[in-house]
Structures are given as C-alpha cells and as structure tokens.
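Visitor: To get the numbering used here, take the position in the sequence shown, counting from 1, and add 72.
Note that beta-carbon positions come from the ideal geometry of N, C-alpha and C, so glycine has one too.
All values reported here derive from a predicted model rather than from experimental measurement.
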Amino acid sequence: MKDVADRKTVLFVDDTADTRDLVTFSLSREGFNVVTAQTAEEGLALAHRGEFALILLDIGLPDMDGLELCREIRRFDQQTPILFYTAFADLLDHEEAKRAGAQGCLRKPEDTSRLAQVARMMVGK
Numbered sequence: 073m074k075d076v077a078d079r080k081t082v083l084f085v086d087d088t089a090d091t092r093d094l095v096t097f098s099l100s101r102e103g104f105n106v107v108t109a110q111t112a113e114e115g116l117a118l119a120h121r122g123e124f125a126l127i128l129l130d131i132g133l134p135d136m137d138g139l140e141l142c143r144e145i146r147r148f149d150q151q152t153p154i155l156f157y158t159a160f161a162d163l164l165d166h167e168e169a170k171r172a173g174a175q176g177c178l179r180k181p182e183d184t185s186r187l188a189q190v191a192r193m194m195v196g197k
C-alpha cells in the first residue's frame, strides 16, 4: 500500500466544525487530502494509525490543550511536521510551542489564505 504521506495527507485537529470545513476546503483545493478530528483524543488515535505529511493543531481543544497533544504525538512521531493553527497565536509562547515539538504557528482565520502555501513548504512538495 502506498504511504499516506505520499498523498499529501494533512491531519487537522480542531473542535469547531466551521473551521474544520474551511481548512478542508482550502487545502483540498490545493491538492491536499485532509483528515479531521474534533478532539485531542480522536486526533491522537488518528496520528497513531496513519502517517501524515503534516499535522495542524488547535490550542483550545475540549479534552486536552494543543501543546499537550503535540507533546503526546512527539512521544511516538518525531518526524511529521506539526503546526499550530489557532486564534490564540498572539498568546502562544512560540518557544513553548517549539519545545513541545511544533515547527510553527499560524493565526486563524487571518492566515487561512497562506495555509496551503505553508503546508506545501512544510511537506516539501
């Protein structure tokens, strides 16, 4: 079976349906396959099951904050790029995000137009 990451598959974990839909639409138009999760628990299970080209995380999740989710993913996956996509970008300590294992942070909704460009840069395709 072909590696999922070869198909430019992005895992996006966000608790807001409208945001998941917007990001899925935006990235799909640029050739990405987007798999979404509503909770950190769902996102963690998906991250365990498949290889993704990129993981996008919200900070404000109902069951675990995004920083902790990032740390949990890094326990078993040190390779996949992780970006925070959050309305709290201004409040996020970027050094803390890097220590958790993320490569960067985008602000929602302002950076949605740049999302596909940044995703392509992160996955090297």
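(1) Any idea what DSSP makes of residue 147, helix, strand or coil?
(2) Helix or strand or just coil, what does DSSP make of residue 133?
(3) My output table needs one value for residue 77: the three-state DSSP class, helix, strand or coil.
(4) Is residue 158 helix, strand or coil when you go by DSSP?
(5) Is residue 115 near residue 94, with beta carbons less than 9 Å apart?
(6) Using the DSSP secondary-structure output, state which residues sit across from residue 109 in a beta bridge.
Guide: In this structure, then:
(1) For the purposes of this step, residue 147 is taken as the residue at position 75 of the sequence shown. In the three-state reduction of the DSSP assignment, residue 147 falls in the coil class.
(2) Here residue 133 corresponds to residue number 61 of the sequence shown, with the count starting at 1. Taken through DSSP and simplified to helix, strand or coil, residue 133 comes out as coil.
(3) Along the sequence shown, one-based indexing puts residue 77 at 5. Note that residue 77 has pLDDT 48, beneath the 50 cutoff, so the model's placement of it is unreliable and the number below is only indicative. Residue 77: helix per DSSP, three-state reduction.
(4) What you label residue 158 is simply residue 86 of the sequence shown in a count that begins at 1. Residue 158: strand per DSSP, three-state reduction.
(5) If you number the sequence shown from 1, residue 115 lands on position 43. If you number the sequence shown from 1, residue 94 lands on position 22. When the beta-carbon positions are compared, residue 115 and residue 94 stay at least 9 Å from each other.
(6) Indexing the sequence shown from 1 puts residue 109 at position 37. Bridge partners of residue 109 according to DSSP: 85.
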